[in-house]
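Asker:
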Amino acid sequence: MGLAGICKSIKKLIFDNWYHFPDNYGIIKLIEVQKKLNDISFIYPRRSVRNDSFNKTLEKSLIKHVDTIQYLRLDWKPITNILSYLVNLLSLEINILHFIKSDEANHLENLSLPNLRILRTQRVPSKILVNLIDNTIGNLSEISVFCDGTNNKELMKSISKNCPNLRYLKLSLLTNLNILISELENLLTNCQLLNGLIIDLYDTDTFSIFNWDKLFKILNKSSPICLYKFKFSSYKVIRLDHLELFFDNWKDRNSMLLKISNNYYSAGLEAKQKLNDLYEKYKAKGVINKYFTGTSRNINEDFEWI
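With this note's numbering as the guide, the letters of the sequence shown map in order to residues 23 to 328.
(1) Are the C-beta of Leu35 and some C-beta of chain C separated by less than 8 Å?
(2) With a 10 Å radius around its C-beta and 16 neighbouring C-beta atoms as the bar for buried, classify Lys307 as buried or exposed.
(3) Quick one: any contact between the stretch 192-203 and the stretch 160-172, if contact means 3 or more CB pairs under 8 Å?
(4) For the alpha helix (DSSP H) that contains Asn298, what are its first and last residues?
(5) Between the Cα of Ile118 and those of Ile65, Lys34, Leu111 and Ser277, spot the shortest distance and give me the residue it belongs to.
(6) In the DSSP assignment, the beta strand (DSSP E) including Ile220 goes from what residue to what residue?
(7) Answer yes or no: do Val309 and Phe254 have a C-beta to C-beta separation smaller than 8 Å?
(8) So for Thr197, helix, strand or coil by DSSP?
(9) For Ile231, is the classification buried or exposed, using 16 other Cβ atoms within 10 angstroms of its Cβ as the cut-off for buried?
(10) Mind checking which residues open and close the beta strand (DSSP E) that includes Lys281?
(11) For the alpha helix (DSSP H) containing Ser75, name the first residue and the last one.
(12) Can you name, in chain order, every residue of its own chain whose Cβ lies under 7 Å from the Cβ of Asn161, other than the five neighbours on each side?
(13) Taking Leu280 as the reference, which of Asn298, Leu96 and Asp274 has the closest Cα?
(14) With distances taken from CA atoms, which of Glu207, Ser166, Asn46 and Lys239 is nearest Gly218?
(15) Rounded to whole angstroms, what's the CA-CA distance from Pro67 to Asn73? Just pull it up for me.
(16) Closest to Leu96 by CA distance: which of Ile122, Leu267, Phe37 and Asn233 is it?
(17) Let me know the secondary structure DSSP gives Gly316 once reduced to three states.
(18) Please classify Arg261 as buried or exposed, where buried requires at least 16 neighbouring CB atoms within 10 angstroms.
(19) Is it right to say Thr143 is buried, meaning 16 or more other beta carbons lie within 10 angstroms of its own, or is it exposed?
(20) Can you check DSSP and say which residues form a bridge with Phe232?
(21) Report the residue ranges of all alpha helix (DSSP H) runs contained in full by the stretch 125-199; include only those spanning at least 4 residues, in chain order.
(22) Around the C-beta of Met23, are 16 or more other C-beta atoms found within 10 angstroms, so that it is buried, or is it exposed?
(23) Quick one: residues in its chain with C-beta nearer than 7 Å to the C-beta of Thr79, no 5 flanking neighbours on either side, listed in chain order?
(24) Grab me the residues of Gly316's own chain with a C-beta within less than 7 Å of its C-beta, minus the 5 sequence neighbours each way, in chain order.
(25) Report all residues from its chain with a CB closer than 7 Å to the CB of Ile321; omit the five preceding and five following residues, and keep chain order.
(26) Can you list, in chain order, the stretches of the beta strand (DSSP E) that have 3 or more residues and sit fully within the stretch 236-280?
(27) Write down the C-beta distance between Leu209 and Ile181 rounded to the nearest angstrom, noting that I regard them as a contact closer than 8 Å.
(28) Could you pull the DSSP bridge partners for Ser113 from this structure?
(29) When the distance is taken between beta carbons, is Gln92 closer than 8 Å to Ser113?
(30) Below 7 Å CB to CB, which residues in the same chain sit around Tyr304 once its five sequence neighbours on both sides are set aside?
(31) Starting from Lys51, trace the alpha helix (DSSP H) in both directions and tell me its first and last residue.
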């Protein structure tokens, strides 16, 4: 007798290193016999090949649990319309291996998951995300997206309009980076409960320069009182004088928790020492509580990072 024969009241299932599971039939049976399945994750190793045929069978096995599943992670592009049935979802995570266009995401179009509180995606088109966020009822408290930036403006507007209870926001973007700045002030004004902000830029284009100075000025001017956790990632230098002005104008606010992921400061001892000296200067003034400098660009990083 396998697990499916003795375990029928499992509430949470996590299949990690999914690519290496040999007993596909046993997994399907284990899922199907559960009576109270609430939380299920299928986690593929990074960059491993997806098994579309088996993933389709997996999605179909979830149909028996549409009334109970509230937390779902899929490490592939949905192959069936299972998500349209999971109307009770509170948390959705979708990690697609390669960037796709919106017309390649037909099973993600026109989704209505009104009760969503947590949305985490990788390589889901921004147009799809906008529709998904527009169809929520204001309960989203955490959003983490890695997208190509094609519809950055619309995405920022949607978050600003529909997420008054947002507490954590992570934006990992490839293109149209400065559009982020043009919409950030409205977002900060409308999302007054925002507690943590991660700006993660894949700014490898030689001719594209992100205006960190302007971003910091907007944060100084418009950050809600709750906001004090920051992580800034960039392939290009985040200038010390811009950071210093940011710190100078942060006085009389909650001491910040700060991470900077930048190769310039991580690889060069002299540059890193100058940054650490700046940190310590403002830590002594109570502007900074804790800080970290590194090279990590962990897309899946938890927001509770210090």
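Using N, Cα and C, we set each Cβ at its ideal position, and we do this for glycine too.
Nothing here was measured: the structure is a model prediction, and the numbers come from that model.
Answerer: Well, looking at it:
(1) In summary, chain C is missing from the structure at hand, where a single protein chain is found.
(2) In this structure Lys307 is exposed. Its beta-carbon is surrounded by fewer than 16 other beta-carbon atoms within 10 angstroms.
(3) They touch, by the three-pair rule.
(4) It spans Leu291 to Ala306 - the alpha helix (DSSP H) in which Asn298 sits, taken as one unbroken run.
(5) The shortest Cα separation from Ile118 among Ile65, Lys34, Leu111 and Ser277 belongs to Ile65.
(6) Gly218 to Leu223 is the span of the beta strand (DSSP E), which, as asked, contains Ile220.
(7) Contact check for Val309 against Phe254 fails: the beta carbons are separated by 8 Å or more.
(8) Thr197: coil per DSSP, three-state reduction.
(9) Around the beta carbon of Ile231, fewer than 16 other beta carbons lie within 10 angstroms, which makes this residue exposed.
(10) Met278 to Ser283 is the extent of the beta strand (DSSP E) around Lys281.
(11) Run containing Ser75: Asp74 to Ser83, per the alpha helix (DSSP H) assignment.
(12) Asn137, Leu138, Arg139 and Asn187.
(13) Comparing Cα positions, the closest option is Asn298.
(14) Answer by Cα proximity: Ser166.
(15) So the two alpha carbons sit approximately 12 Å from each other.
(16) Nearest option by C-alpha distance: Phe37.
(17) It is a strand residue.
(18) By the 10 Å Cβ count, Arg261 comes out exposed.
(19) By the Cβ neighbour-count rule, Thr143 is buried, with 16 or more other Cβ atoms within 10 Å of its own.
(20) DSSP, once it has assigned bridges, lists no residue as partnering Phe232.
(21) With a minimum length of 4 residues, the continuous alpha helix (DSSP H) runs that stay inside the stretch 125-199 are 148-156 and 174-184.
(22) Note that Met23 scores a pLDDT of 46, beneath 50, so its modelled location is shaky and nothing firm can be said.
(23) If you ignore the 5 residues before and after Thr79, its C-beta comes within less than 7 Å of the C-beta of Ile50, all in its own chain and listed in chain order.
(24) Once the five neighbours on either side are set aside, the close Cβ partners of Gly316 are Ser283 and Ser288.
(25) Low confidence applies to Ile321: its pLDDT is 47, below 50, so where it sits in the model is not reliable, and the reading given next is rough at best. Answer for Ile321: Gln144, Phe168 and Ser194, listed in chain order.
(26) With a minimum length of 3 residues, the continuous beta strand (DSSP E) runs that stay inside the stretch 236-280 are 251-255.
(27) At roughly 6 Å, the Cβ-Cβ gap stays under 8 Å, so Leu209 and Ile181 are in contact.
(28) According to the DSSP secondary-structure assignment, Ser113 is paired through a beta bridge with Tyr93 and Ile140.
(29) In contact: Ser113 and Gln92 (Cβ atoms closer than 8 Å).
(30) Cβ neighbours of Tyr304 beyond the five flanking positions: Phe269 and Ile310.
(31) Unbroken alpha helix (DSSP H) run through Lys51: Asn46 to Glu54.
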